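Contents: one structure, followed by commentary.
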Amino acid sequence: MTGNYTFTMIKPETVIDGHAGAILEMIQAAGFRIVAMKMTKLGKREAEMFYEVHKERPFYGELVEFMSSAPIVAAILEKENAVESFRNLIGATDPAKAAEGTIRKRFAKSISSNAVHGSDSDENAAIEASFFFARTERYTANGEACW
Ligand code: ADP
Ligand code: MG
């Protein structure tokens, strides 16, 4: 699972506000295929584990509270050069700096509630995908189970 896969979450406030459909539309229009997808809610401990790399950052507590506050939509996406291509589609972490046409420019409310997560490397995409999805929940383009 290198190169052509990334992992995303549509974040709590964005799901609550009813924007998941519009965001999935943008993702598919940009050429990503949905390999796996679910709506689920992170417990506090799960959010702590997912964002463990940020545990020394000042916003960690706020981030964990926010990400466990309501359901998220998690998905594995497939496209050539998926990680970089998806980071370009979502835009900068701070929506004030996100480029026109990006998901965060359109849907983020703040640097914390910034609409979507996108993996930052192939290695983390694989780790994050496996945090949410079993191999039996991943599908190829013809509907066959992946891997
Ligand atoms: P990205 O999601 O763009 O990869 P980071 O990995 O740096 O950004 O941060 C993870 C998440 O933590 C961000 O998406 C955002 O929700 C939150 N975050 C980042 N920086 C801040 C900040 N300065 N204040 C509050 N929340 C932040
Ligand atoms: Mg990140």
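Count along the sequence shown from 1, add 3, and you get the number used in this note's numbering. Beta carbons: idealized from backbone N, C-alpha and C, even for Gly. Small disclaimer: the values here were computed from a predicted structure and weren't measured.
Can you tell me which of the options puts its alpha carbon nearest to the alpha carbon of residue i?
{"i": "residue 104", "options": "9, 85, 39, 30", "result": "30"}
{"i": "residue 50", "options": "85, 7, 137, 120", "result": "120"}
{"i": "residue 127", "options": "101, 99, 85, 142", "result": "85"}
{"i": "residue 2", "options": "54, 19, 106", "result": "Past the boundaries of the shown model lies residue 2; the chain is included only from 4 to 150, so the question cannot be answered."}
{"i": "residue 8", "options": "23, 21, 38", "result": "38"}
{"i": "residue 33", "options": "88, 64, 55", "result": "88"}
{"i": "residue 53", "options": "144, 40, 11, 21", "result": "11"}
{"i": "residue 55", "options": "141, 130, 142", "result": "130"}
{"i": "residue 14", "options": "117, 137, 125", "result": "117"}
What are the boundary residues of the beta strand (DSSP E) that residue i is part of?
{"i": "residue 21", "result": "Where residue 21 is concerned, there is no enclosing beta strand (DSSP E), given that its DSSP letter is neither H nor E."}
{"i": "residue 103", "result": "Per DSSP, residue 103 belongs to no beta strand (DSSP E) and is neither H nor E."}
{"i": "residue 121", "result": "119-121"}
For my contact list, residue i and residue j are in at a C-beta cut-off of 8 Å; report their separation, rounded to the angstrom.
{"i": "residue 110", "j": "residue 26", "result": "6 Å"}
{"i": "residue 36", "j": "residue 81", "result": "4 Å"}
{"i": "residue 66", "j": "residue 115", "result": "7 Å"}
{"i": "residue 112", "j": "residue 16", "result": "6 Å"}
{"i": "residue 139", "j": "residue 148", "result": "6 Å"}
Comparing the CB of residue i with every heavy atom of the ligand MN, is any distance shorter than 7 Å?
{"i": "residue 71", "result": "The ligand MN is not among the ligands present in this structure, which contains only the ligand ADP and the ligand MG."}
Could you name the residues that DSSP lists as bridge partners for residue i?
{"i": "residue 8", "result": "81"}
{"i": "residue 41", "result": "77"}
{"i": "residue 13", "result": "76, 119"}
{"i": "residue 142", "result": "148"}
{"i": "residue 36", "result": "81"}
Can you give me the start and stop residues for the alpha helix (DSSP H) that residue i sits inside?
{"i": "residue 125", "result": "125-135"}
{"i": "residue 67", "result": "63-70"}
{"i": "residue 60", "result": "Residue 60 -> no alpha helix (DSSP H), and no H or E assigned at all."}
{"i": "residue 112", "result": "No alpha helix (DSSP H) contains residue 112, which DSSP labels as neither H nor E."}
{"i": "residue 50", "result": "47-53"}
The region 64-77 in contact with the region 86-106 per 3-pair CB rule at 8 Å: no
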